[in-house]
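All remarks here apply to the structure that follows.
Residue numbers (the numbering used here): 3 to 258.
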């Protein structure tokens, strides 16, 4: 289990540019659903997970898992000025916005790639990557609860909408502006890439609109686009890990 390090700032502050490093909520990777998934695949598959979990708990979680988040409260007029019509909550009535960017760090990504190389341990590398994905999506849920509680307590506003710029045909310019507006490279080591992604790859972002009405939000994850189906290495090693996230309660969507 780790504490999420949160780098927080707000336009409500006397100095909106001041970024405070806060000790955030706990985050843990729950392998129970993954264990059930592999149990249905048979003992031959389950043995790899049973070997992996002690390694994760003893070595890889302490050494590789580095959960960090950048959260900045922005006036809606500044969101519109910086991002234009790309950030649009539709009919939701919001007063201000929280830009959230979160990552598990680059350690998991690098170790996973090394293990999955020709001379590495393919299955351990795959499971490490899946663990990173589970942690990343769980971080979203935990951080949304954290910022919701903080804003409700300090400003009496509620989560009214959420938008994921990576869940649509996002312009690279938007990703660049997320990095610049959030100062993500200097705080949590996240920067925009020319292929419409943020780096490290195990990174996500969202815009959360706050208003007078509280709206229940679904936890959505996106399938790979295009999906390779049974030709996918991940599928061949134990099944699409999106299926595991679906069992955990996430709404798995297609980008088609």
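Ideal Cβ placement from N, Cα and C applies to all residues, glycine included. These numbers were taken from a predicted model, which means no experiment stands behind them.
Roughly how many whole angstroms lie between the Cα atoms of residue i and residue j?
i           : j           : result
residue 98  : residue 27  : 23 angstroms
residue 208 : residue 78  : 14 angstroms
residue 10  : residue 137 : 21 angstroms
residue 37  : residue 149 : 31 angstroms
residue 89  : residue 6   : 26 angstroms
residue 100 : residue 166 : 12 angstroms
residue 71  : residue 122 : 31 angstroms
residue 143 : residue 180 : 20 angstroms
residue 188 : residue 124 : 33 angstroms
residue 93  : residue 156 : 25 angstroms
residue 49  : residue 43  : 11 angstroms
residue 195 : residue 178 : 8 angstroms
residue 153 : residue 80  : 18 angstroms
residue 34  : residue 83  : 44 angstroms
residue 32  : residue 91  : 32 angstroms
residue 63  : residue 133 : 10 angstroms
Given a cut-off of 7 angstroms on the beta-carbon distance, is the pair residue i and residue j in contact?
i           : j           : result
residue 68  : residue 127 : no
residue 95  : residue 213 : yes
residue 211 : residue 158 : no
residue 141 : residue 29  : yes
residue 202 : residue 87  : no
residue 130 : residue 119 : no
residue 175 : residue 109 : no
residue 40  : residue 47  : yes
Closer than 6 angstroms: is that where the CB of residue i sits relative to any heavy atom of the ligand COA?
i           : result
residue 217 : Looking for the ligand COA in the displayed structure turns up nothing, as the structure carries no ligands at all.
Below 8 angstroms CB to CB, which residues in the same chain sit around residue i once its five sequence neighbours on both sides are set aside?
i           : result
residue 12  : 18, 74 and 75
residue 164 : 146, 208, 209, 210, 211 and 219
residue 22  : 9, 10 and 11
residue 193 : 181, 186, 187, 200 and 201
Within the same chain, show all residues whose beta-carbon is closer than 6 angstroms to that of residue i, passing over the 5 residues directly before and after it, in chain order.
i           : result
residue 117 : 123, 126 and 127
residue 258 : Note that residue 258 scores a pLDDT of 42, beneath 50, so its modelled location is shaky and nothing firm can be said.
residue 184 : 72, 74, 101 and 103
residue 217 : 162
- request: Please go through the stretch 13–65 and give each complete alpha helix (DSSP H) segment of 4 or more residues, from N-terminal end onward.
  value: 34–43 and 45–57
- request: Counting only runs of 4+ residues fully inside the stretch 85–122, write out the alpha helix (DSSP H) ranges in chain order.
  value: Runs of the alpha helix (DSSP H) spanning 4 or more residues and lying entirely within the stretch 85–122 occur at 109–117, in chain order.
query: What are the complete beta strand (DSSP E) segments, minimum 3 residues, inside the stretch 140–196?
result: 160–165
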